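Some notes on the structure that comes next.
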DNA sequence: GCTACCCTACTCGGATATGGAATGTCCGAGTATGCTCGG
DNA sequence: CCGAGCATACTCGGACATTCCATATCCGAGTAGGGTAGC
């Protein structure tokens, strides 16, 4: 029960993209240098976000990644699911259906109370993540540490 | 972001132990045969529960595992944490502290809003799991499928 | 018949393989930019 | 001076290694129970 390292990287990357002027792209090598991360691997993670429709990519000089839609409409859950996959974290294999003389017609995953408990807990987790948008986090961070945005944006733009 | 297979097995095992008469132990080979699971591996998972103080073990003939305390005082969260480890699922490495000219005195993990969001979501998940006890699940399952308890207990006791 | 001892079989416990996913790296495909050359 | 064409460097994109952890297995340590022999 561990999330990949890329989740933290991806959310920070999205916040930075929310800060950069519209129409500009942030390239992954520059982002990786800023946070001291393996560049090619960060690139791979951002590709997953493109595949999920969270980011758009631009090739060539002055290329990079930018948000595919307005940051108010991108939730933290979107980013997490893009990287970790949409399937539930709890693996229920319905072992109740393996017992001797089990009723083959019954849906043991649906009716199993343990499975229901796990699904409900995971729903609470997802709802909490869905309540936070990239825009909300970006705004809060800027209010709390105004100089951080300035520093990040100027550093990332220096790649020109 | 996946839980191990053993979580489902362990919770079902605990429910069965809540059903067995007090003073008797359930051995892992019999449990594994009932649910068609790899016996030695189930044994290993239950060992983790012993290490965490959820189960007690008894060696030798008529040996096995039994709950270490009353099933009303064992939550699903206890079982999950015993197997997956108590540390948070979200790995925050505080990459904000890696940026150039970062303030080394500041605790970036504590103040990072992304980290806070993740911690809050995970707290909701844990609270949902902590609300469900083994006793509660066992009672509900018995109310809904009364014959299942009879079948399981008699099968497991047949190892005598 | 009763008791003490030993032997056996059974179960946990941890050390030991294996496979697959997460992590990390590398090179090719495609494109915008800027330069060059001709009109 | 202006515009079209081309060379170039830059960035993404996916194919290719490597490391680590979940999964699975096996054998030794310890124990309870029963059988046996002696009193």
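Protein chains in written order, with our numbering: chain A, 1 to 160; chain B, 161 to 320. Beta carbons are placed, not taken as given, at the ideal position from N, Cα and C, and that holds for glycine. Note that this is a predicted model, so its numbers are computed, not measured.
*Just the C-alpha distance for residue 244 of chain B and residue 213 of chain B, rounded to the nearest angstrom, thanks.*
What you label residue 244 of chain B is simply residue 84 of the second chain in a count that begins at 1. What you label residue 213 of chain B is simply residue 53 of the second chain in a count that begins at 1. Answer to the nearest angstrom: the Cα atoms are 14 Å apart.
*Put residue 67 of chain A into one of helix, strand or coil per three-state DSSP.*
Along the first chain, read from residue 1 onward, the residue named residue 67 of chain A stands at position 67. Reduced to three states, the DSSP call for residue 67 of chain A is strand.
*Output yes if chain A places a C-beta closer than 7 Å to the C-beta of residue 162 of chain B; else output no.*
Taking the first residue of the second chain as 1, we reach residue 162 of chain B at position 2. By this cut-off, residue 162 of chain B is an interface position.
*In chain B, which residues lie with their C-beta within 9 Å of the C-beta of residue 57 of chain A?*
Position 57 of the first chain, counted from the start, is the residue given in the question as residue 57 of chain A. For the C-beta of residue 57 of chain A, not a single chain B residue is nearer than 9 Å; the gap to the nearest is close to 22 Å.
*So, does the CB of residue 314 of chain B fall closer than 7 Å to a CB anywhere in chain A?*
Taking the second chain and counting its residues from 1, one reaches residue 314 of chain B at position 154. It does not; no Cβ of chain A falls within 7 Å.
_I need the DSSP call for residue 214 of chain B, collapsed to helix, strand or coil._
Locating residue 214 of chain B in the second chain gives position 54, where the first residue counts as 1. The three-state secondary structure of residue 214 of chain B, taken from DSSP, is coil.
*Hey, could you find the ends of the alpha helix (DSSP H) residue 308 of chain B is sitting in?*
Working through the second chain from its first residue, we reach residue 308 of chain B at position 148. Here the alpha helix (DSSP H) through residue 308 of chain B covers 306-317.
*List the DSSP bridge partners of residue 133 of chain A.*
Against the first chain, residue 133 of chain A aligns to sequence position 133. Bridge partners of residue 133 of chain A: A:75.
_Contacts that residue 169 of chain B makes with chain A (C-beta to C-beta distance below 8 Å)_ = By one-based count along the second chain, residue 169 of chain B stands at place 9. Near residue 169 of chain B (Cβ distances below 8 Å), the residues of chain A are 95.
*Minimum C-alpha distance to residue 138 of chain A - residue among A:152, A:125 and A:127*: The sequence position of residue 138 of chain A within the first chain is 138, counting from 1. For the residues A:152, A:125 and A:127, the minimum Cα distance to residue 138 of chain A belongs to A:152.
*Check the Cβ-Cβ distances between residue 92 of chain A and every residue of chain B, and say whether any is below 7 Å.*
As a position in the first chain, residue 92 of chain A is number 92, starting the count at 1. It does: the Cβ of residue 92 of chain A has a partner Cβ on chain B nearer than 7 Å.
*Do you know offhand how far residue 263 of chain B's Cα is from residue 277 of chain B's?*
The residue given as residue 263 of chain B occupies position 103 in the second chain. The residue given as residue 277 of chain B occupies position 117 in the second chain. Looking at the backbone, the Cα of residue 263 of chain B and that of residue 277 of chain B are separated by about 22 Å.
_As a quick exercise: from B:268, B:249 and B:318, pick the residue whose alpha carbon is nearest that of residue 257 of chain B._
Along the second chain, read from residue 1 onward, the residue named residue 257 of chain B stands at position 97. Of the listed residues, the one whose Cα sits closest to residue 257 of chain B is B:268.
*Proximity of residue 123 of chain A and residue 300 of chain B at Cβ, strictly below 7 Å*: Translated into positions along the first chain, residue 123 of chain A becomes position 123. Translated into positions along the second chain, residue 300 of chain B becomes position 140. No, these two residues do not count as a Cβ contact at 7 Å.
*If you check the beta carbons only, do residue 77 of chain A and residue 130 of chain A fall under 7 Å apart?*
The residue you call residue 77 of chain A lines up with position 77 of the first chain. The residue you call residue 130 of chain A lines up with position 130 of the first chain. Yes, these two residues count as a Cβ contact at 7 Å.
*What does a CB cutoff of less than 7 Å around residue 134 of chain A pick up in its chain, not counting 5 residues either side in sequence?*
Here residue 134 of chain A refers to the residue found at position 134 of the first chain. Its chain contains 14, 15, 18, 71 and 74 as the residues whose beta carbon lies nearer than 7 Å to that of residue 134 of chain A, once the 5 sequence neighbours on both sides are disregarded; these appear in chain order.
_Given this structure, state the Cα-to-Cα distance separating residue 122 of chain B from residue 304 of chain B, to the nearest angstrom._
Summary: the structure shown does not reach residue 122 of chain B, with chain B confined to residues 161 through 320, and so no result is reported for it.
*State buried or exposed for residue 66 of chain A, treating a residue as buried only when at least 16 other CB atoms are found within 10 Å of its CB.*
Walking along the first chain from the start, residue 66 of chain A turns up at place 66. Classification for residue 66 of chain A: buried.
*Does the distance from the CB of residue 203 of chain B to the CB of residue 219 of chain B come in under 7 Å?*
Here residue 203 of chain B refers to the residue found at position 43 when the second chain is read from its first residue. Here residue 219 of chain B refers to the residue found at position 59 when the second chain is read from its first residue. The Cβ atoms of residue 203 of chain B and residue 219 of chain B lie no closer than 7 Å to each other.
*State yes or no: is the beta carbon of residue 134 of chain A nearer than 7 Å to at least one beta carbon in chain B?*
What you label residue 134 of chain A is simply residue 134 of the first chain in a count that begins at 1. With respect to chain B, the C-beta atom of residue 134 of chain A has no partner C-beta closer than 7 Å.
_Taking CB distances under 7 Å as the criterion, tell me whether residue 195 of chain B reaches chain A._
Counting from one through the second chain, the residue named residue 195 of chain B turns up at place 35. Taking Cβ atoms only, chain A reaches closer than 7 Å to residue 195 of chain B, which makes this a yes.
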